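Enquirer: Chains as they are written, first to last, in our numbering: chain A, 5 to 290; chain B, 1159 to 1408; chain C, 258 to 640.
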Amino acid sequence: MPKVRKRWGELLATLLVSVVSWGAILVLGGVVGFIAYKGASVIGWSFLTEPMREGMRKGGIAPAIVGSLWVTAVAVIVGGFIGTAAGAYLSEFATNRRLKRAIEFLVTTLAGIPSVVYGLFGLALFVVALGLGASILAGGLTLALLSLPLLIRNAQEAFSAVPASLKEASLGLGASEMQTFLRITLPIALPRVLTGLVLATGRVLGETAPILFTVAAYYLPTYPRSLFEPTMLLPYHLYVLITSGVNVKETYPMAFGTALTLLMMSLAFTLTAAYLRFRLKLKYRV
Amino acid sequence: MYKVEARSVSVWYGSYKALDDVSLSLERNQVLALIGPSGCGKSTFLRLLNRMNDYIEGFRMEGKLLIDGEDIYSPEVDPVHLRRRVGMVFQKPTPFPFSIYENVAYGLRLQNRLKESQIRERVEQALRQAALWDEVKDNLKKSALALSGGQQQRLCIARALAVRPSLLLMDEPTSALDPISTAKIEELIHELRQNYTIVIVTHNMQQAARVSDMTAFFYMGRLIEYGRTKDFFTNPKHPETLRYITGRFG
Amino acid sequence: MRGGVGKRILQAAALTTFLVLFGLTGFLFREGLPALYKSPYEELRFAVHPENPISQLDAGQVRALVRREKKWKDFGGPDTAVVAVHLANIDRYVTAGASLHQIQSTIDSLARLRGVLLALPPNLLPKHTKPLVVHWKGWKEIFFSTQWSPTYEPVPAVGFLPLLMGSLWVSVIGLLVVVPLGIAMAVYAVEFLPKTLYYPVKILWELMAGLPSVIIGFWGLVVVVPWIQKVFKLSAGETALTAGLLLGWMTLPLMASLVEEALRAIPRLLEESSYGLGATQWQTILRLKLPYILPSIATATLLAAGRILGETMVVLMVSGNSPVIAWTPLKPVRALPATLAAELGEAPVGSYHYHTLFLLGVVLFLLTLLLNVSAYLVRPRHA
Chain A
5 MPKVRKRWGE
15 LLATLLVSVV
25 SWGAILVLGG
35 VVGFIAYKGA
45 SVIGWSFLTE
55 PMREGMRKGG
65 IAPAIVGSLW
75 VTAVAVIVGG
85 FIGTAAGAYL
95 SEFATNRRLK
105 RAIEFLVTTL
115 AGIPSVVYGL
125 FGLALFVVAL
135 GLGASILAGG
145 LTLALLSLPL
155 LIRNAQEAFS
165 AVPASLKEAS
175 LGLGASEMQT
185 FLRITLPIAL
195 PRVLTGLVLA
205 TGRVLGETAP
215 ILFTVAAYYL
225 PTYPRSLFEP
235 TMLLPYHLYV
245 LITSGVNVKE
255 TYPMAFGTAL
265 TLLMMSLAFT
275 LTAAYLRFRL
285 KLKYRV
Chain B
1159 MYKVEARSVS
1169 VWYGSYKALD
1179 DVSLSLERNQ
1189 VLALIGPSGC
1199 GKSTFLRLLN
1209 RMNDYIEGFR
1219 MEGKLLIDGE
1229 DIYSPEVDPV
1239 HLRRRVGMVF
1249 QKPTPFPFSI
1259 YENVAYGLRL
1269 QNRLKESQIR
1279 ERVEQALRQA
1289 ALWDEVKDNL
1299 KKSALALSGG
1309 QQQRLCIARA
1319 LAVRPSLLLM
1329 DEPTSALDPI
1339 STAKIEELIH
1349 ELRQNYTIVI
1359 VTHNMQQAAR
1369 VSDMTAFFYM
1379 GRLIEYGRTK
1389 DFFTNPKHPE
1399 TLRYITGRFG
Chain C
258 MRGGVGKRIL
268 QAAALTTFLV
278 LFGLTGFLFR
288 EGLPALYKSP
298 YEELRFAVHP
308 ENPISQLDAG
318 QVRALVRREK
328 KWKDFGGPDT
338 AVVAVHLANI
348 DRYVTAGASL
358 HQIQSTIDSL
368 ARLRGVLLAL
378 PPNLLPKHTK
388 PLVVHWKGWK
398 EIFFSTQWSP
408 TYEPVPAVGF
418 LPLLMGSLWV
428 SVIGLLVVVP
438 LGIAMAVYAV
448 EFLPKTLYYP
458 VKILWELMAG
468 LPSVIIGFWG
478 LVVVVPWIQK
488 VFKLSAGETA
498 LTAGLLLGWM
508 TLPLMASLVE
518 EALRAIPRLL
528 EESSYGLGAT
538 QWQTILRLKL
548 PYILPSIATA
558 TLLAAGRILG
568 ETMVVLMVSG
578 NSPVIAWTPL
588 KPVRALPATL
598 AAELGEAPVG
608 SYHYHTLFLL
618 GVVLFLLTLL
628 LNVSAYLVRP
638 RHA
């Protein structure tokens, strides 16, 4: 019988896929590292808490942070309620199979629509037709619609993961469907539902295209006082700083500081979600 | 020289001991049936013979396992080459989602040395050996998934035979098939023993009695009894064997 | 039926998905379709000198005259230079702060030139001129014109072709990156990645997928653009290639996780059958596993294509945004979504430009819809 021999072709192929995999991750490290390196010296207490000054060459970015938080909050609260309710319906209550499949197909379809198209829709519906103008509410609602597919799918999975035996036990004790849902299914699924919300928050925070025409202000160094006002936001502020400054080089430090702030906020949510999901996996082994 | 010889073979998966001190030897051109209740170690033993257990996490083996007098677990042995000499058929038909022809040619193409005309020849030969040629010769391009379950299993046998192994392993090859297909496969085993040595795992005692020359009864990882099939079923030596073949457990 | 109000509320929430899709489609079409039947210069009247024999032209010819790419002679007119007078260039002829009366008399005197081409609101048009009919060819202007210059006065060019071409370039390059590399990453994760590193790597994939695109665009602008410029010795590093590479990279997690899922769903016995026939690990991967998951790879590719086609900020920031048909990937291009993001903010609501951009949105929407529905149709059924 022939002896063991090294298969050089196989080793080369293995090496190739390893290099590709780690290379892609290395680029991620490059992006994060580069922005952290350049931005770290800019970020400080005053940068995070003061408004912009002198055009936007000096000062901080506090109005953009506050604006981003407002818009994200509107999006996640509205999207969270609708998404969770829709997910609950699909997982627990949908008796009409065809309707259920149709909605699931719609969710898939909506997930594939580019975010800039949601921006157009938000402009036409919320800003123009409903007369909200460019405002936190219009932007937040646009982003809520954008994150619906993610939230619905996540909620549906969360509710479906609750063991049927628990639901049946509750029904067997004479609880109604809705009582079972509110007292058994919802509390058990809640950690997963919330994990999905955290993930969506991270995504929404970094979205740029849909806010361009629905809420973002070019330069408005004050804090919003109501939901019906436009506001500055981190992603758009960053975009403005690097593309339309009079002297781009002069605003670069501000851009790196803004980018790092946005990156840290968005990564914080994504990482938390990943960590929570990992914990849940260990806990329930699903 | 025996075709297969096991010398006090033990196997662990992690801390679980799956085989305990198994020794047996099998002559060339014989059919060996491995029987016993689920989890008794018979499949583990079968999969040792083509080193299919190598991929299972925590797998560890002690003892010696010889095929044609050669220790197949010696570090010099390449499992890939071993498997080209030891064919295997699984408990469910596992046709690849290609054409009938490409399924049988799969193993031949792996070695890259044959011309297309030679491959064609060997495919036909293998399909004839597996008694499938007459049923499929007119549509070799058809997807293998379109065949019936019994045909698929014979296709898998043909696929294994095409690479010309000298030892054929069958892991409950008829467990997913209807009685007529089962009968055809058993008939096939009868034919094949003229050229091959066959080891077959089965749940079905009548099948073991019908197709095999030798029978080995495993229980809780141990080889309880091993002998000629004729004597085995008429005159078992061990009370556990008697209880199993009369259907009192398993 | 049991359940009552609570159930109704949940059902209503689920039905909002219908509302969103129909509303989205409805509003896009409502705002976009007028671009097909309206004309961009409805408020303008065109006129020439009475002795000019030309009485009708189409929009492209007028554009060429204003740009001085063509002369009157080319269309059978007098052998004189073209003097275009329209609202956007009137300041060339009058001093700043001129009164309306002064402007009117300037226009009147300009109208006496034999080569004049006037494009003005009816009230500013001098009396003794000959009207010129300018044909706007509607949807043909949009889908066959190779120019995109939607604010050009007095006759804009609104051809989608250069934008479609730009999107095609970045999508093709992006797919060339993401499909092979994404498959490689999935194969690595399933076949070779040590178990202890699996979750860390998956989390890194998620971080990659969650990076805000504006940050990727920023990094691309400061790092990748200069690099491309240096490597290919270009005058500007903002090219279709730059955008395609970044888009490909950012879509890797999507592609890799879809392919990984498919690889993990391959029945174990099938894999063992291949090994049992004496196949090596890579032979099993290349000859059995990848052919086996081909439908899933097709689905993943279509989904990735949809994602790449719709990605806005990265393309906007690193592709150069030049609405000219490019014949090599080392030229700047402008893609559909980037055009929307760049221009919609400046187009007055209800203007022709605004409708054109919504129509562009309709095209983008339909293209991505097509990709996603195809992905749904070719998906593996048994999985």
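C-beta: ideal position from N, C-alpha, C; glycine also.
All values derive from a computational prediction rather than experimental measurement.
Using 8 Å for Cβ pairs, my map puts A441/C next to G577/C. What's the rounded Cβ distance?
Expert: Contact flag wrong, Cβ pair sits at about 29 Å.
Enquirer: What residue from P297/C, F275/C and A270/C has the CA that sits closest to G607/C's CA?
Expert: P297/C
Enquirer: Give every residue of the same chain whose Cβ lies closer than 8 Å to the Cβ of Y611/C, excluding the five residues on either side of it in the sequence, and list them in chain order.
Expert: In its chain, beyond the 5 residues on either side, E288, L601, A604 and P605 have a beta carbon closer than 8 Å to the beta carbon of Y611/C.
Enquirer: Grab the span of the beta strand (DSSP E) containing V1262/B for me, first residue to last.
Expert: Taken as a continuous stretch (DSSP letters only), V1262/B belongs to no beta strand (DSSP E), being part of the alpha helix (DSSP H) at I1258 to R1267.
Enquirer: I'd like to know whether the C-beta of T537/C is nearer than 8 Å to at least one C-beta of chain B.
Expert: Yes - at least one Cβ of chain B is within 8 Å of the one on T537/C.
Enquirer: Along the segment 218-234 of chain A, where does the CB come closer than 7 Å to a CB of chain C? Name the residues.
Expert: Correct list: empty, as no residue qualifies.
Enquirer: Can a CB atom of chain C be found closer than 8 Å to the CB of F1217/B?
Expert: no
Enquirer: Can you list the residues of chain A that E463/C reaches, using a CB-CB cut of under 7 Å?
Expert: Near E463/C (Cβ distances below 7 Å), the residues of chain A are T274 and A278.
Enquirer: Residues of chain A with CB closer than 9 Å to the CB of G245/C, please, in chain order.
Expert: Look at the range of chain C in this structure, 258 to 640, and you will see that residue 245/C is not part of it.
Enquirer: Cβ closer than 7 Å: which chain C residues qualify as neighbours of F51/A?
Expert: Result: empty, since nearest Cβ-Cβ is about 17 Å, beyond 7 Å.
Enquirer: Please list the partners that A1318/B has in chain C, where partner means a Cβ-to-Cβ separation under 9 Å.
Expert: S530, G533 and L534
Enquirer: Let me make sure I understand the geometry here. Which of E211/A, K10/A, A79/A and N251/A has the alpha-carbon closest to that of E1234/B?
Expert: Taking only the C-alpha atoms, the option nearest E1234/B is K10/A.
Enquirer: What residue range is occupied by the uninterrupted beta strand (DSSP E) comprising Q313/C?
Expert: Q313 to D315
Enquirer: Using 8 Å as the cut-off, can you tell me whether the segment 71-84 of chain A makes contact with the segment 526-533 of chain C, which would need three or more C-beta pairs spanning the two stretches below that distance?
Expert: no
Enquirer: Considering just the uninterrupted stretch of the alpha helix (DSSP H) at S296/C, what are its terminal residues?
Expert: Run containing S296/C: none; DSSP gives neither H nor E here.
Enquirer: What is the DSSP secondary structure of T18/A, reduced to helix, strand or coil?
Expert: helix
Enquirer: For R289/A, name the three-state secondary structure that DSSP assigns.
Expert: Only weak support is given to the placement of R289/A: the predicted model assigns it a pLDDT of 48, under 50, and the question is left unresolved by the model.
Enquirer: Pick out whichever of T247/A, R57/A and T146/A has its Cα sitting closest to the Cα of G245/C.
Expert: Any property of residue 245/C remains undetermined from this structure, which presents chain C solely from 258 to 640.
Enquirer: For the pair the segment 188-205 of chain A and the segment 144-157 of chain A, tell me if three or more CB-CB distances fall below 8 Å.
Expert: yes
Enquirer: Looking at V391/C: is its Cβ nearer than 8 Å to the Cβ of L344/C?
Expert: In this structure, V391/C keeps its C-beta atom at 8 Å or more from the C-beta atom of L344/C.
Enquirer: Output needed in chain order: residues of the segment 409-440 of chain C with a Cβ under 8 Å from some Cβ in chain B.
Expert: none
Enquirer: I'd like to know whether the C-beta atoms of Y549/C and G395/C end up nearer to each other than 8 Å.
Expert: no
Enquirer: With DSSP as the reference, label I215/A as helix, strand or coil.
Expert: helix
Enquirer: Excluding the five sequence neighbours on either side, which residues of its own chain have a C-beta within less than 7 Å of the C-beta of V111/A, listed in chain order?
Expert: P153, I156 and R157
Enquirer: To be precise: take each residue of the segment 1250-1277 of chain B, compare its Cβ to all Cβ atoms of chain C, and keep it if any distance is under 8 Å. Which residues remain?
Expert: Answer in chain order: K1250, T1252, F1254, P1255, F1256, Y1264, G1265, R1267, L1268 and Q1269.
Enquirer: Name the residues in the segment 547-578 of chain C whose C-beta lies less than 8 Å from a C-beta of chain B; which are they?
Expert: Here the close residues are P548 and Y549.
Enquirer: Work out the CA separation of L433/C and V31/A for me, nearest whole Å.
Expert: Going from the Cα of V31/A to the Cα of L433/C covers about 18 Å.
Enquirer: Can you list, in chain order, the stretches of the alpha helix (DSSP H) that have 4 or more residues and sit fully within the segment 474-554 of chain C?
Expert: Counting whole runs of 4 or more residues, the segment 474-554 of chain C contains the alpha helix (DSSP H) stretches 482-488, 497-521 and 525-533.
Enquirer: Run through DSSP, which three-state label would T1404/B get?
Expert: coil
Enquirer: Listed from N- to C-terminal order along the chain, which residues in the segment 1279-1296 of chain B have their beta-carbon within a distance smaller than 7 Å of any beta-carbon of chain C?
Expert: none
Enquirer: Could you tell me whether any Cβ in chain C is nearer than 8 Å to the Cβ of F268/A?
Expert: Checking the displayed sequence, the identity of residue 268/A turns out to be Met instead of Phe. No, because no Cβ of chain C sits closer than 8 Å to the Cβ of M268/A.
Enquirer: Identify every residue that forms a DSSP beta bridge with P388/C.
Expert: A304/C
Enquirer: Report the rounded CA-to-CA distance for V319/C versus F400/C, giving the unit in angstroms.
Expert: 19 Å
Enquirer: Which word fits H358/C, buried or exposed, when buried means at least 16 other C-beta atoms lie within 10 angstroms of its C-beta?
Expert: exposed
Enquirer: List the residues that DSSP assigns as beta-bridge partners of S1168/B.
Expert: Answer is E1220/B.
Enquirer: Step through the CB atoms of chain C and report whether any lies within less than 8 Å of the CB of A40/A.
Expert: no
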